[in-house]
Amino acid sequence: MRAKAGVVEFLNQVLKSELTAVHQYLLHAALCKHWGYARLHEHFGHLAGEEVSHSSGLIDHVLYLEGTPDVEHLDQIAGGRTMEDLLKADLEFERDDVELLRKGITHCSEAGDFTTRHLLEHMMIDTEQHIDWFETQLRTIEQVGLAMYLAEHIQAGSS
Ligand SMILES: [Fe+2]
Ligand SMILES: [Fe+2]
2 MRAKAGVVEF LNQVLKSELT AVHQYLLHAA LCKHWGYARL HEHFGHLAGE
52 EVSHSSGLID HVLYLEGTPD VEHLDQIAGG RTMEDLLKAD LEFERDDVEL
102 LRKGITHCSE AGDFTTRHLL EHMMIDTEQH IDWFETQLRT IEQVGLAMYL
152 AEHIQAGSS
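In structure tokens form, the structure reads like this:
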């Protein structure tokens with residue numbers, strides 16, 4: 002199916018952001034493991050998996066629209082020296098991602114591409130859940146202190 006004007010370009014921008022998220026969360030999962038926070042390691046691994054599924058959904062959809070998926074570019078990967086640095090960088094990253102999705106959804110509505118809009122809306126639901134998780138972690142740290150928060154995340158388990 003032929004894409005409406007500008008849709009593939011938007012999808013490739015979103016794909017760049019999703020691929021960046023995959024790399025960023027793989028790095029953050031590994032850092033959590035390295036620092037001994039098994040529970041956070043598990044959660045970042047789960048987030049990386051969700052970003053892989055967003056990326057592959059976008060690649061499939063660009064091909065369906067007879068476009069060329071751009072898998073060769075990434076944005077800058079946010080690192081950090083403390084757990085709090087990572088959580089803050091990831092929250093900012095997810096907020097930027099929501100903005101990009103919002104622009105994509107608006108563009109698809111204006112262009113009359115409701116299938117792509119639907120795909121982006123689904124990704125928006127996951128992205129808002131990611132934001133919520135990062136906000137909750139940072140709020141908990143504010144309330145109980147970093148040491149207590151980290152002590153709770155040494156053991157693996159549901160997070
Ligand atoms: Fe995503
Ligand atoms: Fe995300």
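Per this note's numbering, the very first residue in the sequence shown carries number 2; after that it's consecutive.
Glycine is no exception: its CB is placed at the ideal position from the N, C-alpha and C atoms.
In this text the structure is predicted, and so the values were computed from the model without any measurement.
Reduced DSSP category for residue i - H, G, I as helix; E, B as strand; rest coil
i	result
H42	helix
E85	helix
V72	coil
I142	helix
D133	helix
M124	helix
E95	helix
K5	coil
Q156	coil
Chain-order list of residues whose beta-carbon lies under 7 angstroms from that of residue i (same chain, five-residue window excluded)
i	result
L20	S56, V72, L75
R118	I106, C109, S110
W134	none
Sequence-distant residues of the same chain with beta carbon closer than 8 angstroms to residue i, five excluded per side
i	result
I132	L92, E95, R96, V99
A112	K5, A6, G7, V8
Y38	M84, L151, H154, I155
6 angstroms Cβ shell around residue i - same chain, five flanking residues per side excluded
i	result
F139	According to the sequence as given, residue 139 is Leu; it is not Phe. Same-chain partners within the cutoff: L88.
Check whether the stretch 66 to 79 and the stretch 122 to 129 touch, using three or more Cβ-Cβ pairs below 8 angstroms as the test. No, the stretch 66 to 79 does not touch the stretch 122 to 129.
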